[in-house]
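Below is one structure, written out as structure tokens; comments come after it.
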Amino acid sequence: MIYFFFGKGGVGKTTNAAINALQLSRSRKVLIVSADPAHNLGDVFDIKLGHKPIRIAENLDACEIDYKKVVDEYLKRITAKIKRQYKYLAAFNLDGSLNVLRFSPGVEEDALLRAIWRLVNIDIYDDVIIDLPPTGLALRIMALPVINRVWLNKLLKARKKIVDIRESLENMKPVFLDESSKDKNHTDKVYNELEKIEKENMMIYNRFADPEFSSIFIVMNIDKLSYAETIRTLEGLKELKISAKTIIVNRYTDSDANSCPDIMHDIKKSFSKYSIKALPYREHGIIGIEQLNSAKYFSI
Ligand SMILES: Nc1ncnc2c1ncn2[C@@H]1O[C@H](COP(=O)(O)OP(=O)(O)OP(=O)(O)O)[C@@H](O)[C@H]1O
Ligand SMILES: [Mg+2]
Numbered sequence: 416m417i418y419f420f421f422g423k424g425g426v427g428k429t430t431n432a433a434i435n436a437l438q439l440s441r442s443r444k445v446l447i448v449s450a451d452p453a454h455n456l457g458d459v460f461d462i463k464l465g466h467k468p469i470r471i472a473e474n475l476d477a478c479e480i481d482y483k484k485v486v487d488e489y490l491k492r493i494t495a496k497i498k499r500q501y502k503y504l505a506a507f508n509l510d511g512s513l514n515v516l517r518f519s520p521g522v523e524e525d526a527l528l529r530a531i532w533r534l535v536n537i538d539i540y541d542d543v544i545i546d547l548p549p550t551g552l553a554l555r556i557m558a559l560p561v562i563n564r565v566w567l568n569k570l571l572k573a574r575k576k577i578v579d580i581r582e583s584l585e586n587m588k589p590v591f592l593d594e595s596s597k598d599k600n601h602t603d604k605v606y607n608e609l610e611k612i613e614k615e616n617m618m619i620y621n622r623f624a625d626p627e628f629s630s631i632f633i634v635m636n637i638d639k640l641s642y643a644e645t646i647r648t649l650e651g652l653k654e655l656k657i658s659a660k661t662i663i664v665n666r667y668t669d670s671d672a673n674s675c676p677d678i679m680h681d682i683k684k685s686f687s688k689y690s691i692k693a694l695p696y697r698e699h700g701i702i703g704i705e706q707l708n709s710a711k712y713f714s715i
């Protein structure tokens, strides 16, 4: 199972991802991953973490995705592939153009999505918990498979046209010249590559959108801004046809709940179809495995 933790900056995503990871690790093998460029998973566990998963408790491994490394490797892979496929482009200073890729919109998100995908596919873990960046970037990452699908289908159609035209031109040639050069869709390298990317893309989307495989948690506090952002997150996810499972009301205090009756009313009403859990406010924070292990949710 994959668990995604969404939420506005600072509401307690990492803390709650860590608490849930520890709870799951009592009976399952768990990996917790920080996918937030401003990592604080190591701080929450009070353990130094790096790009590679390390054991931090019985049945629990943790890592923080190294953004720069992930983007560098992603660009290296793409560059090698393009160079292999389009040798003739060397004449147009391909290297110069590829350097610009680093700054192209979506590259960081795509590199990160693929890094998450690799981690959730490590088969030694029963569950992988993803501590996401704050809402905007998190939604962009989750939206990528849907956006990719649109342009991949367009590119596949365009490539098919090219293959068809090439094929009809080749059919005009005398038969003896035609034999070796017949290139249908399934033998066209570019078409095949696009199809491969589209297949993987759909696999990612189907896995993330299927509640049998993925569970979405949204963390919020009892305040207007984080309530509004939770609503926006649910709407954003709905557009992607992904549904959330649990809303965590973090830093809960009776005095906040009593002084904001309208927000409490809205939470109970708007989120009635989700499981709502509350985590009490702890004056001295919740840092380190012992404190995280002792945290307890209650229903509201
Ligand atoms: N229930 C709680 N009671 C008291 N302190 C809490 C609670 N939950 C989180 N905190 C504290 O609030 C701070 C922010 O929490 P956390 O790092 O989990 O939030 P975040 O949403 O991951 O933030 P960021 O968006 O910066 O990554 C931390 O110092 C954490 O210890
Ligand atoms: Mg965090």
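The opening position of the sequence shown corresponds to residue 416 in the working numbering, with each subsequent residue numbered one higher.
All C-beta atoms, glycine included, are put in the ideal place defined by N, C-alpha and C.
In this text the structure is predicted, and so the values were computed from the model without any measurement.
Residue range Ile469 to Ala472 is occupied by the beta strand (DSSP E) that includes Arg470. Counting along the chain, Ala433 sits inside the alpha helix (DSSP H) bounded by residues Lys428 to Leu439.
In this structure, Thr661 is the residue among Ile577, Lys569, Leu694 and Thr661 with its C-alpha nearest to the C-alpha of Ile631. For the pair Tyr540 and Glu613, the Cα-to-Cα distance works out to about 26 Å.
Taking Asp677 as the centre and dropping the five residues before and after it, the same chain places no C-beta closer than 6 Å to its C-beta. Under the DSSP assignment, Lys572 falls outside any beta strand (DSSP E), being part of the alpha helix (DSSP H) whose first and last residues are Thr550 to Met587.
Contact annotation: Gly651 and Leu552 have beta-carbon atoms that are not nearer than 8 Å.
For Ala526, no pairing in a beta bridge is given by DSSP. In the structure shown, Ser670 falls within a helical segment according to DSSP collapsed to helix, strand and coil. Going by DSSP, Met635 is part of no alpha helix (DSSP H) but of the beta strand (DSSP E) stretching over Ser629 to Met635. Note on geometry: alpha-carbon atoms of Lys483 and Ile531 lie some 14 Å from one another.
The residue among Pro468, Trp566, Lys683 and Ala453 with its C-alpha nearest the C-alpha of Lys444 is Pro468. By the neighbour-count criterion, in which 16 or more other beta carbons inside 10 Å mark a residue as buried, His454 falls on the buried side. In summary, Ile619 is buried, with 16 or more beta-carbon neighbours lying within 10 Å of its beta-carbon over all protein chains present. In the three-state reduction of the DSSP assignment, Ser690 falls in the strand class.
Assigned with DSSP and collapsed to three states, Asn665 falls in strand. Out of Lys611, Glu479 and Val664, the CA that lies nearest to the CA of Ser690 is found in Val664.
Here Tyr418 is near Asp542, since their CB atoms are less than 8 Å apart.
Within the chosen limit of 7 Å, ligand 1 reaches the beta carbon of Val426 through at least one heavy atom. In this structure, the straight-line span from the alpha carbon of Phe628 to that of Arg622 is close to 6 Å.
Gly700 counts as exposed, since fewer than 16 other C-beta atoms from the protein chains shown sit within 10 angstroms of its C-beta. Judged by the Cβ position, Asp541 fails to qualify as a neighbour of ligand 2 at the 7 Å threshold, every heavy atom of the ligand being at least this far.
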